[in-house]
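Enquirer: In my numbering, the protein residues as written are 16 to 342.
#1: Report buried or exposed for residue 126, applying the criterion of at least 16 other Cβ atoms within 10 angstroms of its Cβ.
#2: Can you give the Cα-Cα distance for residue 150 and residue 143, rounded to whole angstroms?
#3: Could you tell me the distance, in whole angstroms, from the CA atom of residue 116 to the CA atom of residue 316?
#4: For residue 111, count the other beta carbons within 10 Å of its own beta carbon; 16 or more makes it buried, fewer makes it exposed. Which is it?
#5: By the DSSP assignment, the beta strand (DSSP E) with residue 101 in it spans what residues?
#6: Who are the near neighbours of residue 178 in its chain, counting only those whose CB is closer than 8 angstroms to its CB and skipping five residues on each side?
#7: Alpha carbons only, please: which of 217, 215, 109, 192 is nearest the one belonging to residue 13?
#8: So if DSSP puts residue 61 in a beta bridge, which residue, or which two residues, is it bridged to?
#9: Count the other CB atoms, across all protein chains shown, that sit within 10 Å of the CB of residue 98; report buried if there are 16 or more and exposed otherwise.
#10: With DSSP run on the structure shown, which of helix, strand or coil describes residue 283?
#11: Which runs of the alpha helix (DSSP H) at least 4 residues long sit entirely within the region 260-313? Give them in chain order.
#12: What does a CB cutoff of less than 8 angstroms around residue 73 pick up in its chain, not counting 5 residues either side in sequence?
#13: May I ask you to verify whether the region 40-47 touches the region 89-106, counting CB pairs closer than 8 angstroms and requiring at least 3?
#14: Let me know the secondary structure DSSP gives residue 202 once reduced to three states.
#15: Look up residue 329 in the DSSP assignment and say whether it is helix, strand or coil.
#16: Using a 10 Å radius around the Cβ and a threshold of 16 neighbouring Cβ atoms, would you call residue 323 buried or exposed?
#17: If residue 262 and residue 251 are in contact, beta carbons under 8 angstroms, what's the gap, nearest whole angstrom?
#18: From 217, 290, 95, pick the residue whose C-alpha is nearest to that of residue 257; which is it?
#19: With a CB to CB cut of under 6 angstroms and the five nearest residues on each side skipped, what residues in its chain are close to residue 338?
#20: Based on DSSP bridge pairs, tell me the residues matched to residue 238.
Shown next as structure tokens:
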């Protein structure tokens with residue numbers, strides 16, 4: 016590995032930072048000047064909302080960049096000029112160089128909610144080639160392991176259930192939740208059976224990050240209630256090598272109930288009933304909201320029991336929320 020002169024590193028950083036500014040300021044001409052216009056250029060990106068994207072060749076990358084800047088992006092001076100650059104590493108070998116770095120975007124509404132603080136975070140890589148004395152970017156890699164889709168209060172937990180971080184609204188949610196408690200720094204549920212499910216779910220999430228490539232997933236933690244009483248539901252989520260505790264996730268609930276309805280042949284009215292139960296409504300509340308008698312609600316519930324093959328309301332919720340698409 017050749018040791019690059021400081022001026023060489025400065026030239027590389029200037030190109031990388033100019034690309035960043037041009038992208039967020041919608042300056043397509045400046046953006047194009049930073050890139051190598053060749054068939055072997057690449058764009059690799061990942062973010063939770065859209066998954067993985069691989070673009071090959073400047074013809075495709077340039078066209079998609081122009082379309083994105085014209086159709087979707089408004090100039091963002093804060094992202095262009097107020098973003099913090101951390102852990103920057105530059106290596107040079109002849110006419111090839113690469114730079115790795117982290118970008119902390121200002122505010123919590125950026126590309127990713129960064130758990131340790133209030134900024135937003137992306138992990139990035141650039142590989143550059145030198146042509147006619149000028150450095151140009153030949154590969155862009157942007158990894159945004161977003162958590163904003165979880166929504167609502169979120170905790171980050173350690174392998175032992177210790178609370179590492181709380182979202183801004185999690186503190187208030189904990190204070191108003193009679194069932195959850197932080198004991199010796201660890202998140203616990205006062206109900207023993209539910210707490211055992213929580214600890215099991217934490218260990219399950221930890222196993223998702225055993226190897227080089229982490230796996231994602233979500234496991235419901237349900238607190239059994241008496242027949243006809245509201246059900247308590249939380250989620251333990253394995254995401255990007257982290258263990259997260261979500262107080263509520265309507266997206267996950269809707270996704271799994273839709274799959275369960277298809278798998279078990281639930282009618283639309285039964286699906287609505289299941290959704291209300293999972294939301295924590297009692298059978299009396301469901302009957303009042305639906306304008307039917309409590310006996311009618313119980314009849315629909317028994318028919319769901321028969322379809323799903325369970326005999327209790329908590330078991331019904333557990334089975335319905337355990338239906339998930341392969342990952």
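A virtual CB, placed ideally from N, CA and C, is assigned to each residue, including glycine.
For clarity, every value in this text was computed on a predicted model and none was experimentally measured.
Expert: Checking against the coordinates, here is how it stands:
#1: The residue given as residue 126 occupies position 111 in the chain shown. Low confidence applies to residue 126: its pLDDT is 37, below 50, so where it sits in the model is not reliable, and the reading given next is rough at best. It counts as buried.
#2: Against the chain shown, residue 150 aligns to sequence position 135. Against the chain shown, residue 143 aligns to sequence position 128. Residue 150 and residue 143: Cα-Cα distance of roughly 6 angstroms.
#3: Position 101 of the chain shown, counting from 1, holds the residue named residue 116. Position 301 of the chain shown, counting from 1, holds the residue named residue 316. In this structure, the alpha-carbon of residue 116 lies about 54 angstroms from that of residue 316.
#4: Residue 111 sits at position 96 when you count from the first residue of the chain shown. Exposed, because fewer than 16 other Cβ atoms sit within 10 Å of the Cβ of residue 111.
#5: Taking the first residue of the chain shown as 1, we reach residue 101 at position 86. Residues 99-108.
#6: On the chain shown, residue 178 is found 163 positions in, with the first residue counted as 1. The residues are 170, 171, 172, 197, 200, 201, 202.
#7: Because the chain is modelled from 16 through 342, residue 13 falls outside the range shown and cannot be assessed.
#8: Taking the chain shown and counting its residues from 1, the one referred to as residue 61 is at position 46. DSSP, once it has assigned bridges, lists 67, 158 as partnering residue 61.
#9: Along the chain shown, one-based indexing puts residue 98 at 83. Buried is the label assigned to residue 98, since at least 16 other Cβ atoms lie within 10 Å of its Cβ.
#10: Your numbering for residue 283 matches position 268 in the chain shown. If DSSP states are grouped into helix, strand and coil, residue 283 belongs with the helices.
#11: Fully enclosed alpha helix (DSSP H) runs of 4 or longer: 265-279, 283-293, 298-305.
#12: Counting from 1 along the chain shown, the entry for residue 73 is found at position 58. So the qualifying residues of the chain are 50, 51, 52, 53, 54, 56.
#13: In short, these stretches touch, since the Cβ pair count reaches three.
#14: For the purposes of this step, residue 202 is identified with residue 187 of the chain shown, where counting begins at 1. Residue 202 falls in the strand class under three-state DSSP.
#15: The sequence position of residue 329 within the chain shown is 314, counting from 1. Helix.
#16: In the chain shown, residue 323 corresponds to position 308, counting from 1. By the neighbour-count rule (16 or more Cβ atoms within 10 Å), residue 323 is buried.
#17: On the chain shown, position 247 is the one that residue 262 refers to. On the chain shown, position 236 is the one that residue 251 refers to. Cβ-Cβ separation between residue 262 and residue 251: approximately 11 angstroms, too far for a contact (criterion under 8 angstroms).
#18: By 1-based counting over the chain shown, the position of residue 257 is 242. Looking at the Cα atoms, 217 is the closest of the given residues.
#19: Position 323 of the chain shown holds residue 338. Closer than 6 angstroms at the Cβ level, and outside the excluded window around residue 338, lie 271, 274, 275, 278.
#20: As a first step, residue 238 is located in the chain shown; it is residue number 223 there, counting from the start. Looking at the DSSP assignment, residue 238 forms a beta bridge with 247.
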